[in-house]
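Asker: Would you mind keeping the following structure in view while I ask a few things?
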Amino acid sequence: VDLRGTLAIVAAVPGLFALIGFSTINNFLGGVYMALLDAYGLSLMSVQAWGLLWGVLSCGFLVGGVVIARRGLGANPLRSLLVANVVLWVIATTFTLNGAIVVLAVGMFLYLAVIPFIEASEQTVLQKVVPYERQGRVFGFAQSVEQAASPLTAFLISPLAQFVAIPFMTTGAGVDLIGGWFGTGLDRGIALVFVLTGVVGLVVTLLAFRTPQYRALSARYLESELVADPGLVGHGGELAVEVGGEGPGGRPTTSGG
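Taken in order, the sequence shown gives residues 3 to 259; the numbers are from the numbering used here.
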């Protein structure tokens, strides 16, 4: 495996390491839900009802895919990726706040519907900024790094929930501190982990909008779009305004969002 060559390819694209790192962090945080969501759901309903609910809510993936097929991802998929992550983490922060099954179900459906936007946006950016003959190695590297994060979190978060969060909301200080409005018990301990994870994800995403890596990769994507489709040259100003204007020599630059 030519790992050194793959790293050189990734490093040659400004902001690409940051994109892979950002997606890895998202998957790392997403592992919290992968590990604890079943335990949370089963504390509220029977296993039969939980399985049926998942079967219905999984249609959210299809809904998200249909919307993408009809509407696309916009002029700057990288910005679409970050906006979708903002929506996802807002949902993740709020869908277990009050313990209502209806709120949980709606939140899960919207969460699943947003995921295709994130995945499609990342793949669109990678396919545009990485040379075709090198895409296989870069895609493989990105997937191997990003997908390794969720199982790691699942391994780490379970004991933290069992020995810290759940006791905090059952017999610990959390009962008096926030139990009056947040609720108490095993399910509220898990919900607290979800809320805190969502807040961290939201902060990370909002900070990503302000990074130079975001601006550099956005500019690289738009340049690649104009090169791949000369017919867009007539709309170059429009695209540039969307991302932040034009830099020296007419090259598109980006704003921080």
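Built from N, CA and C at the ideal position, the CB exists for glycine as well. Remember, it's a predicted structure, so these values are computed and weren't measured experimentally.
Using DSSP with H/G/I as helix, E/B as strand and the rest coil, what is Val15?
Answerer: On the sequence shown, residue 15 is found 13 positions in, with the first residue counted as 1. It is coil, neither helix nor strand.
Asker: How many Å lie between Thr95 and Val201 at the Cα?
Answerer: Numbered from its first residue, the sequence shown carries residue 95 at position 93. Numbered from its first residue, the sequence shown carries residue 201 at position 199. In a straight line, the C-alpha of Thr95 is about 6 Å away from that of Val201.
Asker: Comparing alpha-carbon positions, which option in Ala20, Ser60, Gly76 and Leu80 lies nearest Gln215?
Answerer: Position 213 of the sequence shown, counted from the start, is the residue given in the question as residue 215. Of the listed residues, the one whose Cα sits closest to Gln215 is Ala20.
Asker: Among residues of its own chain, excluding the 5 on either side of Gly62, which ones have a beta-carbon nearer than 6 Å to its beta-carbon?
Answerer: As a working note, residue 62 is residue 60 in the sequence shown. The answer, listed in chain order, is Phe111, Leu114 and Ala115.
Asker: In whole angstroms, what separates the C-alpha of Leu128 from that of Gly176?
Answerer: To locate residue 128, count along the sequence shown from 1; it is residue 126. To locate residue 176, count along the sequence shown from 1; it is residue 174. Those two C-alpha atoms are separated by around 44 Å.
Asker: Give a yes or no on whether the C-beta atoms belonging to Thr172 and Gly191 are separated by under 8 Å.
Answerer: As a working note, residue 172 is residue 170 in the sequence shown. As a working note, residue 191 is residue 189 in the sequence shown. Yes, the Cβ-Cβ distance between Thr172 and Gly191 is below 8 Å.
Asker: What three-state label does DSSP hand Gly138 in the structure shown?
Answerer: Working through the sequence shown from its first residue, we reach residue 138 at position 136. In this structure, Gly138 counts as helix in the three-state DSSP scheme.
Asker: Taking the continuous alpha helix (DSSP H) assigned at Thr155, which residues delimit it?
Answerer: On the sequence shown, residue 155 is found 153 positions in, with the first residue counted as 1. Its alpha helix (DSSP H) spans residues Ala151 to Leu162.
Asker: Taking one C-beta from the segment 30 to 37 and one from the segment 146 to 153 each time, how about it: are there three or more such pairs within less than 8 Å?
Answerer: yes
Asker: Throw me the rounded Cβ distance for the Leu219 and Val131 pair, which I believe falls under 8 Å.
Answerer: By one-based count along the sequence shown, residue 219 stands at place 217. By one-based count along the sequence shown, residue 131 stands at place 129. Right, their Cβ atoms sit about 7 Å apart.
Asker: In angstroms, rounded to a whole number, what distance separates the CA positions of Gly203 and Val140?
Answerer: Locating residue 203 in the sequence shown gives position 201, counting from the first residue. Locating residue 140 in the sequence shown gives position 138, counting from the first residue. Going from the Cα of Gly203 to the Cα of Val140 covers about 25 Å.
Asker: For Leu84, which residues of its own chain have a beta-carbon under 8 Å away from its beta-carbon, when the five flanking residues on both sides are left out?
Answerer: Against the sequence shown, residue 84 aligns to sequence position 82. Taken in chain order, the residues that qualify are Thr207, Ala210, Phe211, Tyr216 and Gly259.
Asker: Would a C-beta distance cut-off of 8 Å place Ile93 and Gly109 closer than the cut-off?
Answerer: Indexing the sequence shown from 1 puts residue 93 at position 91. Indexing the sequence shown from 1 puts residue 109 at position 107. Their beta carbons are under 8 Å apart, which means Ile93 touches Gly109 by this criterion.
Asker: Please check if any C-beta of chain C sits within less than 8 Å of the C-beta of Phe211.
Answerer: Annotation note: the requested chain C is absent from the structure, which comprises a single protein chain.
Asker: Does the distance between the C-beta of Ala150 and the nearest non-hydrogen atom of the ligand PLP fall short of 7 Å?
Answerer: The ligand PLP is not part of the structure shown, which contains no ligands of any sort.
Asker: Could you say which of Leu179, Ser226, Ala221 and Leu198 lies nearest to Leu99 if we only look at CA atoms?
Answerer: Numbered from its first residue, the sequence shown carries residue 99 at position 97. It is Leu198.
Asker: Considering just the uninterrupted stretch of the alpha helix (DSSP H) at Asp189, what are its terminal residues?
Answerer: Your numbering for residue 189 matches position 187 in the sequence shown. Residues Leu188 to Ala210.
Asker: Where does Pro275 fall in DSSP's three states?
Answerer: Residue 275 lies beyond the residue range present for the chain, which begins at 3 and ends at 259; the question has no answer from this structure.
Asker: Can you give the Cα-Cα distance for Phe143 and Ala14, rounded to whole angstroms?
Answerer: Here residue 143 refers to the residue found at position 141 when the sequence shown is read from its first residue. Here residue 14 refers to the residue found at position 12 when the sequence shown is read from its first residue. Near 15 Å, if we compare the C-alpha coordinates of Ala14 and Phe143.
Asker: What would DSSP say about Pro133, mapped onto helix, strand or coil?
Answerer: For the purposes of this step, residue 133 is taken as residue 131 along the sequence shown, with counting starting at 1. Correct three-state label for Pro133: coil.
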